[in-house]
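Chemist: Can you read through this structure? Questions will come right after.
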Amino acid sequence: MPRNATKPEVSSPASADGGAASMAEPMLPAPYRIQRQRREAHDTFTLDLAAADGGRPPRFAPGQFNMLYLFGVGEVAISISGNPGTPETLQHTTRAVGSVTKAMEKLRAGDVIGVRGPFGTHWPTDHARGKDVVFVAGGIGLAPLRPAMYEILRNRAHYNKAVLLYGTRTPSDILFKRELKQWGGNFDVDVYVTVDRATGTWRGNVGVVTQLIRRSPFDPGNCVAMICGPEVMMKYAVDEFRRRGVDSQDIFLSMERNMKCAIGFCGHCQWGPNFVCKDGPVFRHTDIEHLLNVWEI
Amino acid sequence: MTPTGNEAMEPMLEQHPFLRGLSKEQLSALAQCAALSSYDMDDYVMRAGQPANHCHLIHKGQVAVTVHEPRRGHVVVQTVGEGGVLGWSWLVPPYRWCFDGHALQATETIALDGEKLRAAFDADCCLGYEMLKRFTQVFGERLHAARFQLLDVYKN
Chain A
115 MPRNATKPEV
125 SSPASADGGA
135 ASMAEPMLPA
145 PYRIQRQRRE
155 AHDTFTLDLA
165 AADGGRPPRF
175 APGQFNMLYL
185 FGVGEVAISI
195 SGNPGTPETL
205 QHTTRAVGSV
215 TKAMEKLRAG
225 DVIGVRGPFG
235 THWPTDHARG
245 KDVVFVAGGI
255 GLAPLRPAMY
265 EILRNRAHYN
275 KAVLLYGTRT
285 PSDILFKREL
295 KQWGGNFDVD
305 VYVTVDRATG
315 TWRGNVGVVT
325 QLIRRSPFDP
335 GNCVAMICGP
345 EVMMKYAVDE
355 FRRRGVDSQD
365 IFLSMERNMK
375 CAIGFCGHCQ
385 WGPNFVCKDG
395 PVFRHTDIEH
405 LLNVWEI
Chain B
484 MTPTGNEAME
494 PMLEQHPFLR
504 GLSKEQLSAL
514 AQCAALSSYD
524 MDDYVMRAGQ
534 PANHCHLIHK
544 GQVAVTVHEP
554 RRGHVVVQTV
564 GEGGVLGWSW
574 LVPPYRWCFD
584 GHALQATETI
594 ALDGEKLRAA
604 FDADCCLGYE
614 MLKRFTQVFG
624 ERLHAARFQL
634 LDVYKN
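Keeping their order, the protein sequence lines are chains A and B.
All residue numbers for the first sequence refer to the numbering used here, where the first residue is 115 and numbers rise by one.
All residue numbers for the second sequence refer to the numbering used here, where the first residue is 484 and numbers rise by one.
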């Protein structure tokens, strides 16, 4: 994934369903005004954006990303973390880790940034219809999965079980706490959260998120797994799903590489035969399995 | 801790994920070592340094495996929930717990007597080998998880 977080970059479009408005000039950022900046954790924040001209943002599909341009500083690929059902506000959640995202952290309501996108492939919410859906998120990886969860909840009757397994570093790093509580309170959604290190008054699970996979309630023969997090975590998560008998065809991962143009021109995000910006960020496991254990490509 | 009698232990043992697939005879042998134990929230299931007399198969609830560090207090290393296995210090000398374990919520375990278990494994090597394979898998998973945690993968 162009993980709400991490790598400084630059951009352009190739959306799955939507984004038509920006397709004509994929390298041209459109001005968006920050409506609100919300702190999610000590180093993580969400920006609510609205088109500066009052227009409607391009439609996006869960898992896609935008290139956010902080004028005079640089551009980064950030997954969209908002609700596809309420597209008038564009939400991006990111960690302040690089020069661009650290500068973005200082932005406040009323400030303007440039947006290009949406770009890339999306989570297989159609393919998952009639099946159990298992989300596995690690750290900031919950942000790109959040739109898919919204989508599933909006069309709940089309899916069987919905399970979210979320692992993070410490309790204070847990994102979207209010929503996790709300989703977990739904009788038809199972939410399990674990932390690597317990602090304070935490009385929940302690341990790695991959260990939750083996005891979570889903039908391995009829499920779709959507995984987003650090690559090593995703690798072991896949191993756990395979051990439980989930077909490789039903496992999807969001990959992260350094993106620049976001339309498959510049080659910055090339990963074997793939451009992660265009052929990804969401990949079917079968299509990338041979690349996951290659040290350098 | 409130141990109860071991009658009706066999069906419970059969349903526990750790023992799934064992033969009737093997389950019967294990039932001779088993008793149900229950703990209230915050009760200690085991204390570091104390004799490790039991292996606990968690039936209900959740236990935190902790280590006490003078400056940080009780540090939770991991949690073990329903269907999990707690403790293997009963298996190897000096048969003393290395960690504390306290119940995070009301918890029920199938407590297998360590001394009886060792004797049962010695008497029936097939059972002993089968169980050792299963415990080895648990050790491997715990080691793997510990290494994974050390990687601190969520750090920037």
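Virtual Cβ for every residue (Gly too), placed ideally from N, Cα, C.
1. For alanine 135(A), I'd like the list of residues in its chain whose CB is within less than 6 Å of its CB, leaving aside the five on either flank, ordered along the chain.
2. Taking the CB atoms as reference points, tell me whether glutamate 565(B) and glycine 544(B) lie closer together than 8 Å.
3. Nearest chain A C-beta to glycine 504(B) closer than 8 Å, yes or no?
4. Please check the pair methionine 439(B) and tryptophan 580(B), which I expect to be a contact at CB under 8 Å, by giving their CB distance rounded to whole angstroms.
5. State the Cα-Cα distance for the pair phenylalanine 501(B) and arginine 268(A), rounded to the nearest angstrom.
6. Going along the chain, which unbroken runs of the beta strand (DSSP E) with 3 or more residues stay wholly within the region 302-362 of chain A?
7. If we cut at 8 Å on Cβ distances, does glycine 321(A) have a partner in chain B?
8. Start and end of the alpha helix (DSSP H) containing arginine 268(A)?
9. I need the straight-line Cα distance from isoleucine 402(A) to alanine 628(B), nearest angstrom please.
10. Under three-state DSSP, which class holds phenylalanine 185(A)?
11. Under the assumption that glycine 196(A) contacts leucine 204(A) (Cβ atoms under 8 Å), give the Cβ distance between them as a whole number of angstroms.
12. Enumerate in chain order the residues of its own chain whose CB-to-CB distance from valine 621(B) is below 6 Å, with the five nearest sequence positions on each side excluded.
13. For a contact defined as C-beta to C-beta under 8 Å, what are the partners of threonine 282(A) on chain B?
14. Just the Cα atoms here: how many angstroms apart are glutamate 493(B) and phenylalanine 618(B)?
15. Which term fits tryptophan 316(A), buried or exposed, when burial requires 16 or more other beta carbons within 10 angstroms of its beta carbon?
16. Near alanine 242(A), which residues of its chain fall below 7 Å by C-beta distance, leaving aside the five closest residues on each side in sequence?
17. Check the Cβ-Cβ distances between proline 63(A) and every residue of chain B, and say whether any is below 8 Å.
18. Could you tell me whether any Cβ in chain A is nearer than 8 Å to the Cβ of glycine 566(B)?
19. Does glutamine 325(A) come within less than 8 Å of chain B when only Cβ atoms are used?
20. Please state whether DSSP places threonine 619(B) in a helix, a strand or coil.
21. Quick one: measure Cβ to Cβ for leucine 161(A) and histidine 206(A), integer angstroms, because I've assumed they're closer than 8 Å.
22. Where do the N-terminal and C-terminal ends of the beta strand (DSSP E) with proline 145(A) fall, by residue?
23. Determine the burial state of aspartate 605(B): buried for a count of at least 16 other Cβ atoms within 10 Å of its Cβ, exposed for fewer.
24. Under the three-state reduction of DSSP, which class applies to glutamate 640(B): helix, strand or coil?
25. How about serine 213(A): is its Cβ closer than 7 Å to a heavy atom in the ligand PLP?
26. Exposed or buried, proline 577(B), counting other C-beta atoms within 10 Å across all chains shown (16 or more means buried)?
27. I think isoleucine 194(A) touches phenylalanine 174(A), with their Cβ atoms under 8 Å apart; what is that distance to the nearest whole Å?
28. Starting from threonine 562(B), find everything on chain A with Cβ-Cβ shorter than 7 Å and list it in chain order.
29. In three-state DSSP terms, what is leucine 633(B)?
30. So, with DSSP's three-state summary, where would you put alanine 135(A)?
31. Does the region 251-265 of chain A come into contact with the region 226-241 of chain A, if we say contact requires no fewer than three beta-carbon pairs (one atom in each stretch) closer than 8 Å?
32. Cutting at 6 Å between CB atoms, please list the residues of its own chain near threonine 324(A), excluding the five before and the five after it.
33. Using a Cβ-Cβ distance under 8 Å, would methionine 218(A) count as near chain B?
34. In the DSSP assignment, the alpha helix (DSSP H) including valine 546(B) goes from what residue to what residue?
35. What are the residues of the region 575-596 of chain B that lie near chain A, defined by any Cβ-Cβ distance shorter than 7 Å?
Modeler: Checking against the coordinates, here is how it stands:
1. The residue you call residue 135(A) lines up with position 21 of the first sequence. Because alanine 135(A) carries a pLDDT of 42, less than 50, the predicted location of this residue cannot be relied on, and no value is offered for it.
2. Here residue 565(B) is taken as the residue at index 82 of the second sequence, counted from 1. Here residue 544(B) is taken as the residue at index 61 of the second sequence, counted from 1. Their beta carbons are under 8 Å apart, which means glutamate 565(B) touches glycine 544(B) by this criterion.
3. The residue you call residue 504(B) lines up with position 21 of the second sequence. With 8 Å as the cut-off, glycine 504(B) does not count as an interface residue toward chain A.
4. Look at the range of chain B in this structure, 484 to 639, and you will see that residue 439(B) is not part of it.
5. By one-based count along the second sequence, residue 501(B) stands at place 18. By one-based count along the first sequence, residue 268(A) stands at place 154. Computed Cα separation, rounded: 38 Å.
6. If we require 3 residues or more, the beta strand (DSSP E) runs fully inside the region 302-362 of chain A come out as 303-309, 337-342.
7. Within the first sequence, residue 321(A) is the residue found at index 207, counting from 1. Yes, its Cβ sits closer than 8 Å to a Cβ of chain B.
8. Within the first sequence, numbered from 1, the residue matching residue 268(A) stands at position 154. Counted as a single uninterrupted DSSP element, the alpha helix (DSSP H) harbouring arginine 268(A) occupies residues 256-268.
9. Counting from 1 along the first sequence, the entry for residue 402(A) is found at position 288. Counting from 1 along the second sequence, the entry for residue 628(B) is found at position 145. Linking isoleucine 402(A) to alanine 628(B) through their CA atoms gives a straight-line distance of about 25 Å.
10. Start at 1 with the first residue of the first sequence, and residue 185(A) comes out as number 71. Under the three-state reduction of DSSP output, phenylalanine 185(A) falls in the coil class, being neither helix nor strand.
11. To locate residue 196(A), count along the first sequence from 1; it is residue 82. To locate residue 204(A), count along the first sequence from 1; it is residue 90. Confirmed, Cβ separation roughly 6 Å.
12. Walking along the second sequence from the start, residue 621(B) turns up at place 138. Correct list, in chain order: Val568.
13. Position 168 of the first sequence, counting from 1, holds the residue named residue 282(A). In chain order: Tyr637.
14. Within the second sequence, residue 493(B) is the residue found at index 10, counting from 1. Within the second sequence, residue 618(B) is the residue found at index 135, counting from 1. Our two residues, glutamate 493(B) and phenylalanine 618(B), have alpha carbons roughly 19 Å apart in a direct line.
15. Counting from 1 along the first sequence, the entry for residue 316(A) is found at position 202. Taking a 10 Å sphere around the C-beta of tryptophan 316(A), we find 16 or more other C-beta atoms and assign the residue as buried.
16. What you label residue 242(A) is simply residue 128 of the first sequence in a count that begins at 1. For alanine 242(A), where only same-chain residues beyond five positions count, the Cβ hits under 7 Å are Tyr273, Val338.
17. The requested residue 63(A) is not part of the displayed model; chain A covers only 115 to 411.
18. Position 83 of the second sequence, counting from 1, holds the residue named residue 566(B). Yes, its Cβ sits closer than 8 Å to a Cβ of chain A.
19. Reading the first sequence from its first residue, position 211 is the one you call residue 325(A). Chain B contact via Cβ: present.
20. Residue numbering aside, residue 619(B) sits at position 136 when the second sequence is read from its first letter. Three-state result, threonine 619(B): helix.
21. The residue labelled residue 161(A) in the question sits at position 47 within the first sequence. The residue labelled residue 206(A) in the question sits at position 92 within the first sequence. With 8 Å as the limit, leucine 161(A) and histidine 206(A) qualify as a contact, their Cβ atoms being about 5 Å apart.
22. Walking along the first sequence from the start, residue 145(A) turns up at place 31. Its beta strand (DSSP E) spans residues 144-155.
23. Residue 605(B) sits at position 122 when you count from the first residue of the second sequence. Residue environment for aspartate 605(B): exposed (fewer than 16 other C-beta atoms within 10 angstroms of its C-beta).
24. This structure cannot speak to residue 640(B), because chain B is shown only from 484 to 639.
25. Ligands are entirely absent from the displayed structure, and the ligand PLP is therefore not among its contents.
26. Taking the first residue of the second sequence as 1, we reach residue 577(B) at position 94. Its Cβ having fewer than 16 others within 10 Å, proline 577(B) is exposed.
27. For this step, residue 194(A) is matched to residue 80 along the first sequence. For this step, residue 174(A) is matched to residue 60 along the first sequence. About 5 Å; that satisfies the 8 Å criterion.
28. Translated into the one-based positions of the second sequence, residue 562(B) becomes position 79. Asn319, Val320, Gly321, listed in chain order.
29. The sequence position of residue 633(B) within the second sequence is 150, counting from 1. When DSSP states are grouped into helix, strand and coil, leucine 633(B) belongs to the helix group.
30. For the purposes of this step, residue 135(A) is taken as the residue at position 21 of the first sequence. Interpretation of alanine 135(A) is limited by its pLDDT of 42, a score under 50 that renders its predicted location unreliable; the figure taken from the coordinates is listed afterwards. Look at alanine 135(A) here: in three-state DSSP terms it is helix.
31. These segments touch.
32. Here residue 324(A) refers to the residue found at position 210 when the first sequence is read from its first residue. Excluding positions up to five away in sequence, the list reads Tyr350, Ala351, Glu354.
33. Counted from its first residue, the first sequence places residue 218(A) at position 104. No, no contact with chain B.
34. On the second sequence, residue 546(B) is found 63 positions in, with the first residue counted as 1. Looking at the DSSP string, valine 546(B) is not in any alpha helix (DSSP H); the run it does join, the beta strand (DSSP E), is 545-552.
35. Listed in chain order, the positions of the region 575-596 of chain B with a beta carbon within less than 7 Å of a beta carbon of chain A are Leu587.
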